[in-house]
Every structure is written in C-alpha cells, then in structure tokens.
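Visitor:
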Amino acid sequence: MLSIKNLHASIDGKEILRGINLEIKAGEVHAIMGPNGSGKSTLSAVLAGREEYEVTEGEVIFNGKNLLELAPEDRAREGVFLAFQYPVEIPGVSNINFLKTALNEIRAYKGLPPMEAKDFLALVKEKQKLVELDGKLANRSVNEGFSGGEKKRNEIFQMAMLSPKLAILDETDSGLDIDALRIVAGGVNTLKSKENATIVITHYQRLLDYIIPDMVHILYKGQIVKSGPKELALELEEKGYDFIKEEIGA
Amino acid sequence: MRAVILSLSKYLCSSIEGSFNMETITKINTTEKLINAFESSKNSLFGDLELREQAIESFSKQGIPNRKHEEYKYVNVELLLKRDFAISTATTVTAEQMANVQMLKDAFVVVIENGNFSKNLSSIASLPKGINIQNIAEATGNAAFQKHYAKYADVNNDAFIAMNTAFTSGGVFIHIEKNTVIEKPIHILHVSSAAENAIINPRNLMVVEENAQAKIVESFATVASAGKVFNNALTEIFIGANANLQHYKIQDENEAGMLLNTTQAYQEKQSVFSTNNFTLSGLFVRNNLNIVLDDEFIETHLNGLYLTRGNQVVDNHTLVDHRKPNCNSNELYKGIIEDKSAATFNGKIFVRKDAQKTNAFQSNKNILLSDDGTINTKPQLEIYADDVKCSHGTSTGKLDEDKIFYLRARGLSETSAKKLLMHAFASEVVENIKIEELRDYVEEKITGRFA
Ligand SMILES: Nc1ncnc2c1ncn2[C@@H]1O[C@H](COP(=O)(O)OP(=O)(O)O)[C@@H](O)[C@H]1O
Ligand SMILES: [Mg+2]
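Going down the list, the sequences are from chains B and C.
Mapping the first sequence onto numbering that gives the first Met the number 0, position 171 (from 1) lands on 170, and the numbers just tick up by one.
Mapping the second sequence onto numbering that gives the first Met the number 0, position 171 (from 1) lands on 170, and the numbers just tick up by one.
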C-alpha cells in the first residue's frame, strides 16, 4: 500500500528526514516511536503534503501513485488521513459543515454524487457514538475551545467519517487520560480492516497495549534505526531511548 | 502586502484615475458649479431656505475636500467629483431592476429613487399605530420633524453634510412614537440609475422616541445606467431615552456606484443603538458614522464588514463620542481586501472629561488577499476621563496557512478551504444581524462573492 524509499526532506535548508525507508501493506498497523525532535511529525506532514517541507530525495508510492506529486487534498481523496498532533482551531467553520464539504469533495473526486442529507446525518450519528463525541462538539466550530482530549477525539471522529485507506495518527495518545485513550484506541480498532493500514506515531508504549502493532520502528535523527515486532516497544520503554544511542553507536 | 501605510494617497489616486480613463474628464470646478447651481435653484427647494443658505455658505468655505484634508487624505474624492454632474436627474429605474434590489419580503418598504422619495414604489399604505413614514419634503410642518431635522448633522463639520443640507430634494422621515414597539423591519431602499452623471442628496431623518423599539434597514444599490451617480446620502437618527434601534446598512453599489454615506446618530439616556454596515461593492464608498452618547447608561454597538476587489476604494470613518458617564460602546469592523482595492478604517473614540466609567472597545481586523491591495487602519482614542476602560486592536494578515492545510488535508480543495475561511471571518459580523431574512440575504451575497 505504502512504499517509502530513501526519503529526505528539509525545512529552511535544514535536513530533518535523512533517508527513510518503510513498507506498509494493507491490513497492517505500524508503530513509529522516537524521541522528541527525531522527525516523526515531519514525516507525517511530508506524507500529508505540507508544502513548507522540501523533499530533496527519495520517493513515496501509495497504491501505485506517486504521492509526492499530489496536492494535499488529492492525497486525502486517495485515502490518506493525518490525525494531527496539534489540531488547529478554526473559529466560524462548523465541524459538521466542513466534514460535509470534505466528504462530498472526496466523493466528487471518485465520481460519486453528493451524499444525501439524511445519510450524512445518520453517518455523523453513528461515528459520533463510536468515539463518544458529544453531539454539541460535533456541531461547534472546528476544535474551537475544545480540550486537548476533545481535539484528539475529534480527529478520530473525522477519520471515522472519511474512512481512509491509510491513517497516520501523530501522537494521538499524548495528553489523553486512560479513559480517553481507551475510546480513541477502540475507535481505531473498530475501523481497522484488511483493506486499510495505520501508522501509529507515539512517544509511549502505553497506546500499543490497546492498538497492537504488526511492526515497531524507531526513528532517530531522521532515520529509522531499528525495526522489529511489537516487543521492541516494550524493550524501548524499559531501557529508554539511550539504549538506541548505544546500539547504533551514536 | 502593505499594511498601515499612511502615504498611500498616490496609489489611490492612480487607482481611481485608472478606472475613469474610459471617459474624457473635463476638469470641472464642482464646488463653484454647485454654488452657482444653488443660486438658480434655491427657490424651488422645499423647507427652510435660511438653513439651506447657511449650508451653502459653509459648503463654499469648506469646498469639496481634497487629499490635503486630514479626514479625506486616503481617498481622492475631489478627483471623483471633477466631472460634469447634474445636481439631480430623471430616473430610469425599471420595474425589473427594482425587483432585483428588493431584499426583504416581510418589511415596510420605502423607496428612494435617485435621491427622491417615491410614493408609488413604496409599500407603506397600512402602517400600524405609532409609526409615521413620509417624504421629508412633506414633513416640514410636523412638530417632531421640526424638533430634530438638521439638529445633529452640523453643516460646519463636513462639506458633504453642508452639500446635502443645501441641496436635498427628498428622503424619508420615520417617526416611531413613544412606547411603540414595531417588530416588522422598515426597509429604506435607495436605488439609483441616472440618464446622465448626477450628484444626488437624499436626506433621511429617523426619530425613535422614548421607550420605542424599531429595526431599520437602509440599502444602497446603483443599477446599470448611462450616467454615473455620486450619492451623497445623509441620515440623522435620534434615539430617545430607553429606546432601542437596530440599524442596518447594505451597500451594494456595483462597479460604478459612488456613495458617500453620512450617518449622524444621537442617543439619550439608557438607549441602545446597534448599527451594522455591510459594504459589498461599489467603486467608491465612504462612510462617515458619527454617534453621540449624550447621557448615562447608553449602549452602542458598531459592526462593519467590507469586501473589496478590483479597483474599489472603501473608507470607513467612525466617531463614537462619549459625553456622559457609565456608557458602553463596542465596535468591530472587518474587511477582506482583494486585487488592487484599498480599504481604510479610521475609528475615533472620544471619552470626554465627564464620561467616567466608560467602557469603549474597538477592533479592526483585515485579511489582505493580494500583494497589490492596501489596507489602512487608524484607531484614534482621545480620552480625557481617568476612570475608564478602553481598548483597541487592529490586525492585518493573510489567511492562516495552518488552517488552509488542515482543511486541505481533509480533502477540501484549496479554493473551498479559502472560501470557508473567508466565510468564517465574515460570519463574526454577519452573526449580529438579528433579522433572519436579512441575515440570509447577506450570507448568500457573501457565499456568492467567494464562489
Ligand atoms: N517548521 C519548522 N521549522 C524549522 N524546524 C522545524 C520545523 N518543524 C520541525 N522542525 C525541526 O525538525 C526536527 C523534527 O521535528 P518534528 O518532526 O516535529 O519531531 P517529532 O515529531 O519527532 O518530535 C526538530 O529538530 C524541529 O526543531
Ligand atoms: Mg511530533
């Protein structure tokens, strides 16, 4: 589904990603862990199409398409979804209106007619329940005045509404209490299928008790320095990131 | 991008000249021409000749302001008026054009056609008790009219007040009697369409007596016409003790229309006045909005939205004059500036020595969408009392890239993302429209605008 080869990216002339390689197949869950500043959010931003980052080398193929050539909206329409680490507040833009526009533009891209109003409302109801998002929040302006946890839940709600093929969750767990974490993880697990894949970016092993990854990758200074089965996350948690430094002789 | 540029007059000048070079400009001394025209027409004008003579004298002293005039330095109104204008003109508004500029189904509609009250086009036949609506030319015998007419707009303050007072040939007098509450809005529809270039001077007087409540909408539209219209419209508003007036102005003058719109309001004790100004189009729009808070516990809300593009020039000058203690005023003006257009916001707040415990807030926010657009914003607070809460803030920026990216990352095209954000920016002002039908109308205009 996703194939990243030797991806280099920089911002303001500073190289942040220094040769990332990653292969993800449909149905898989991959966890990316790494210390602060290692480039996790940069990787997700580059995949989502943030234009500030300059890709200097490498390629990303998503379901046979050259992802890096697509505009951000076309990536979304092809099925890439990024749950932002820091979702922005957009006063004056209603959550529901914006999702309706998003959904219908994605449908138009696929040659489908706009969704019927009542089908849309039914979908909103169903997905709202999934992430236990208060109906009032769904109707308010995008993330305006939401708590940290509500913002993260709103990201998962949006993901549920748009049913992407590849979901990238950028530290969706950070700042969540255990109940919220369970709800978010439950939402992600319910949406998991043989056809889609998930990249879970996290700082802590904790989330991986709820979302079991097929693979764990450790990102360090813009490179994946170690990959392994889910046990790698536990080892990392136990030994701390210093063990990585020792292991790679940094 | 240029923000808060004080010496932009050169640019404005060329912008306006640029839009005129399709016609030959005969450099007319309009001030002189108007003075001569007054002499020959003064005896056919209605009302108080003495007042008109004072006005023309004041006008001749002031002259049409040029860019050296402090209050008019951002817009070359002198140049706009350097063409052959008739003082009034036959109108050519068709029934179809009239239908296009209607905006409220449920309202008492007063039509001011090329500056004159049109009884035929108005629908005010069955007014409820306590409301009087009539042509000012026929109201000169009315006691309330006499008490308030030309008492608030001082001819010595501004050349356009003087011009209007000297030349007006019609307009509407609206009188809401004491304790009268009227739910249905009154819509004053100014529509212009002239066979030749014309300066028109409609004059309105609104008197909302003690403890009365009303909603008044003024709309301004120029429909396609052979001549160019310079509309020097003036409205005086009196709001009595405990009275409440919602006032709306919808300015949609199209590519050629020129509007100089003075609103002079006077508030008495505990009254509430909210005035909402929407400038949706127009080659040139200048608003002079002056409000005097002349007693205690008065509340005043000023909201404005201006959307400019092409070569348009929109200039909002507001003045909130706090004269007595314990009053609140709250002002929010927002603008979206596209292409080579230019907008000015000049907001003055006076807090006089007696006006202790005043709360006065002002905010002006702008989005500049092009590199060639200009926004000039100038808050002026003059505070002579020491126990007050006053604040002002201005901001000018582009649309937020983080927000655009967030929306695009959900599948919205860049265009829809921007549209949504502009709509959101404007909605803070639009939300203040309390007449649902009118709010829907403005919403639709804005949606269409950014489509
Ligand atoms: N917009 C930016 N401008 C400059 N440097 C940036 C920018 N975004 C990220 N960086 C730098 O890139 C590195 C990686 O950041 P980031 O991808 O956010 O790391 P992580 O998500 O792993 O904590 C950091 O050193 C950070 O300072
Ligand atoms: Mg990060």
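By construction, the Cβ of each residue, glycine as well, lies at the ideal position given by its N, Cα and C atoms.
Spatial neighbours of Lys177(C) within its chain, please: CB distance less than 7 Å, with the 5 preceding and 5 following residues excluded, ordered by chain position.
Guide: Counted from its first residue, the second sequence places residue 177(C) at position 178. Once the five neighbours on either side are set aside, the close Cβ partners of Lys177(C) are Glu208, Glu209, Asn210 and Ala211.
Visitor: Mind checking which residues open and close the beta strand (DSSP E) that includes Gln311(C)?
Guide: What you label residue 311(C) is simply residue 312 of the second sequence in a count that begins at 1. Taken as a continuous stretch (DSSP letters only), Gln311(C) belongs to no beta strand (DSSP E), as it is neither H nor E.
Visitor: Lys333(C) by DSSP, collapsed to three states: which one?
Guide: For this step, residue 333(C) is matched to residue 334 along the second sequence. If DSSP states are grouped into helix, strand and coil, Lys333(C) belongs with the strands.
Visitor: Kindly examine ligand 2 and report whether one of its heavy atoms sits closer than 7 Å to the Cβ of Lys220(B).
Guide: Numbered from its first residue, the first sequence carries residue 220(B) at position 221. Outside the cutoff, so no.
Visitor: Do you know how far the Cα of Ala213(C) is from the Cα of His422(C)?
Guide: Against the second sequence, residue 422(C) aligns to sequence position 423. Against the second sequence, residue 213(C) aligns to sequence position 214. Cα-Cα distance, rounded: 29 Å.
Visitor: For chain B, find out if any of its Cβ atoms is closer than 8 Å to the Cβ of Gly114(C); answer yes or no.
Guide: For the purposes of this step, residue 114(C) is taken as residue 115 along the second sequence, with counting starting at 1. Chain B, which has no Cβ nearer than 8 Å to the Cβ of Gly114(C), makes this no.
Visitor: With a threshold of 8 Å between beta-carbons, can Phe83(B) be considered close to chain C, or not?
Guide: For the purposes of this step, residue 83(B) is taken as the residue at position 84 of the first sequence. So, interface residue.
Visitor: When a residue counts only if its C-beta is closer than 5 Å to some heavy atom of ligand 1, which residues count, in chain order?
Guide: Answer in sequence order: Ile10(B), Ile15(B), Asn35(B), Gly36(B), Ser37(B), Gly38(B), Lys39(B), Ser40(B) and Thr41(B).
Visitor: How many angstroms separate the CA atom of Ile24(C) from the CA atom of Gly226(C)?
Guide: The residue you call residue 24(C) lines up with position 25 of the second sequence. The residue you call residue 226(C) lines up with position 227 of the second sequence. Since pLDDT at Ile24(C) reaches only 47, below the 50 mark, its modelled position is unreliable, and the value read off the structure follows with that caveat. Cα to Cα, the separation comes out at about 14 Å.
Visitor: Starting from Asn286(C), follow the beta strand (DSSP E) in both directions and report where the run begins and ends.
Guide: Reading the second sequence from its first residue, position 287 is the one you call residue 286(C). It spans Phe283 to Leu292 - the beta strand (DSSP E) in which Asn286(C) sits, taken as one unbroken run.
Visitor: Please list the residues of the region 185 to 197 of chain B that have a C-beta atom closer than 8 Å to any C-beta atom in chain C, keeping them in chain order.
Guide: Result list empty, no residue passes.
Visitor: Rounded to the nearest angstrom, what separates Ile434(C) and Ala197(C) at their Cα positions?
Guide: As a position in the second sequence, residue 434(C) is number 435, starting the count at 1. As a position in the second sequence, residue 197(C) is number 198, starting the count at 1. If you take the alpha carbons of Ile434(C) and Ala197(C), they lie about 33 Å apart.
Visitor: Within 8 Å of any Cβ in chain B, is that where the Cβ of Asn302(C) sits?
Guide: One-based indexing of the second sequence puts residue 302(C) at position 303. Answer no: the Cβ-Cβ gap between Asn302(C) and chain B never drops below 8 Å.
Visitor: Is Gln84(B) near ligand 2, with its Cβ less than 7 Å from a heavy atom?
Guide: On the first sequence, position 85 is the one that residue 84(B) refers to. The answer is yes for Gln84(B).
Visitor: Roughly how many whole angstroms lie between the Cα atoms of Glu56(B) and Glu104(B)?
Guide: What you label residue 56(B) is simply residue 57 of the first sequence in a count that begins at 1. What you label residue 104(B) is simply residue 105 of the first sequence in a count that begins at 1. So the alpha carbons of these two residues sit roughly 31 Å apart.
Visitor: Please identify, using Cβ separations under 8 Å, the residues of the region 401 to 412 of chain C that lie next to chain B, in order along the chain.
Guide: Listed by position along the chain: Asp401, Lys402, Phe404, Tyr405, Leu406, Arg407, Ala408, Arg409, Gly410, Leu411 and Ser412.
Visitor: Who are the Cβ neighbours of Asn20(C) in its own chain at under 6 Å, not counting the five residues just before and after it?
Guide: Taking the second sequence and counting its residues from 1, the one referred to as residue 20(C) is at position 21. Only weak support is given to the placement of Asn20(C): the predicted model assigns it a pLDDT of 40, under 50, and the value that follows is read from those uncertain coordinates. Hits under 6 Å: none found.
Visitor: How would you call Asp241(B), buried or exposed, if buried means at least 16 neighbouring beta carbons within 10 angstroms?
Guide: Here residue 241(B) refers to the residue found at position 242 when the first sequence is read from its first residue. The residue is exposed, with fewer than 16 neighbouring Cβ atoms inside 10 Å.
Visitor: Taking the C-alpha atoms as reference points, what is the distance between Ala98(C) and Asn94(B)?
Guide: Along the second sequence, read from residue 1 onward, the residue named residue 98(C) stands at position 99. Along the first sequence, read from residue 1 onward, the residue named residue 94(B) stands at position 95. C-alpha separation (whole angstroms): 37 Å.
Visitor: Going along the chain, which residues of its own chain have a beta-carbon closer than 6 Å to the beta-carbon of Asn345(C), five neighbours each way excluded?
Guide: On the second sequence, position 346 is the one that residue 345(C) refers to. If we look at Asn345(C) and ignore the five residues flanking it on each side, its Cβ neighbours are His316 and Lys377.
Visitor: Going by the CB atoms, is the gap between Leu258(C) and Asn230(C) shorter than 8 Å?
Guide: Locating residue 230(C) in the second sequence gives position 231, counting from the first residue. Locating residue 258(C) in the second sequence gives position 259, counting from the first residue. Yes, Cβ-Cβ distance for Asn230(C) and Leu258(C) is below 8 Å.
Visitor: Roughly how many whole angstroms lie between the Cα atoms of Phe166(C) and Lys32(C)?
Guide: The residue labelled residue 166(C) in the question sits at position 167 within the second sequence. The residue labelled residue 32(C) in the question sits at position 33 within the second sequence. Those two C-alpha atoms are separated by around 13 Å.
Visitor: If Val109(C) and His186(C) are in contact, beta carbons under 8 Å, what's the gap, nearest whole angstrom?
Guide: Translated into the one-based positions of the second sequence, residue 109(C) becomes position 110. Translated into the one-based positions of the second sequence, residue 186(C) becomes position 187. Going by Cβ atoms, the distance from Val109(C) to His186(C) rounds to 7 Å, so yes, they are a contact pair.
Visitor: Should Phe84(C) be labelled buried (16 or more other beta-carbon atoms within 10 Å of its own) or exposed?
Guide: Your numbering for residue 84(C) matches position 85 in the second sequence. Under this definition Phe84(C) is a buried residue.
Visitor: Starting from Ala161(C) and walking both ways along the alpha helix (DSSP H), at which residues does that stretch end?
Guide: Stepping through the second sequence from its first residue, residue 161(C) is reached at position 162. Taken as a continuous stretch (DSSP letters only), the alpha helix (DSSP H) holding Ala161(C) covers Ala158 to Phe166.
Visitor: At what residues does the alpha helix (DSSP H) containing Tyr108(B) begin and finish?
Guide: The residue labelled residue 108(B) in the question sits at position 109 within the first sequence. Here the alpha helix (DSSP H) through Tyr108(B) covers Asn94 to Tyr108.
Visitor: Taking DSSP as the reference, what is the three-state secondary structure of Tyr265(C)?
Guide: To locate residue 265(C), count along the second sequence from 1; it is residue 266. Strand at Tyr265(C).
Visitor: Tell whether a beta-carbon distance below 8 Å holds between Leu66(B) and Asp169(B).
Guide: In the first sequence, residue 66(B) corresponds to position 67, counting from 1. In the first sequence, residue 169(B) corresponds to position 170, counting from 1. No, these two residues do not count as a Cβ contact at 8 Å.
Visitor: Say yes only if the C-beta of Glu170(B) is nearer than 7 Å to one or more non-hydrogen atoms of ligand 4, and no if none qualify.
Guide: Questions concerning ligand 4 fall outside what the structure shown contains, since the ligands it does hold are ligand 1 and ligand 2.
Visitor: Quick one, which of Ser192(B), Val45(B), Lys4(B) and Asp73(B) has its alpha-carbon nearest Arg407(C)'s?
Guide: In the second sequence, the residue the question calls residue 407(C) occupies position 408. Here the closest residue by C-alpha is Asp73(B).
Visitor: Are the C-beta of Leu420(C) and some C-beta of chain B separated by less than 8 Å?
Guide: The residue given as residue 420(C) occupies position 421 in the second sequence. So yes, Leu420(C) belongs to the interface.
Visitor: Give me whichever residues DSSP pairs with Ser140(B) in a beta bridge.
Guide: On the first sequence, residue 140(B) is found 141 positions in, with the first residue counted as 1. Ser93(B).
Visitor: Can you list, in chain order, the residues of its chain with a C-beta nearer than 8 Å to that of Ser168(C)? Leave out the 5 residues immediately preceding and following it.
Guide: The residue labelled residue 168(C) in the question sits at position 169 within the second sequence. Closer than 8 Å at Cβ, skipping near neighbours: Leu44, Phe45, Ser87, Gly114, Asn115, Ala136 and Asn200.
Visitor: Against Ala137(B), what residues of chain C qualify as contacts under a CB-to-CB distance less than 9 Å, listed in chain order?
Guide: In the first sequence, residue 137(B) corresponds to position 138, counting from 1. Result: empty, since nearest Cβ-Cβ is about 15 Å, beyond 9 Å.
Visitor: Just checking: is the beta-carbon of Ala8(B) within a distance shorter than 8 Å of some beta-carbon in chain C?
Guide: Walking along the first sequence from the start, residue 8(B) turns up at place 9. Closer than 8 Å: no.
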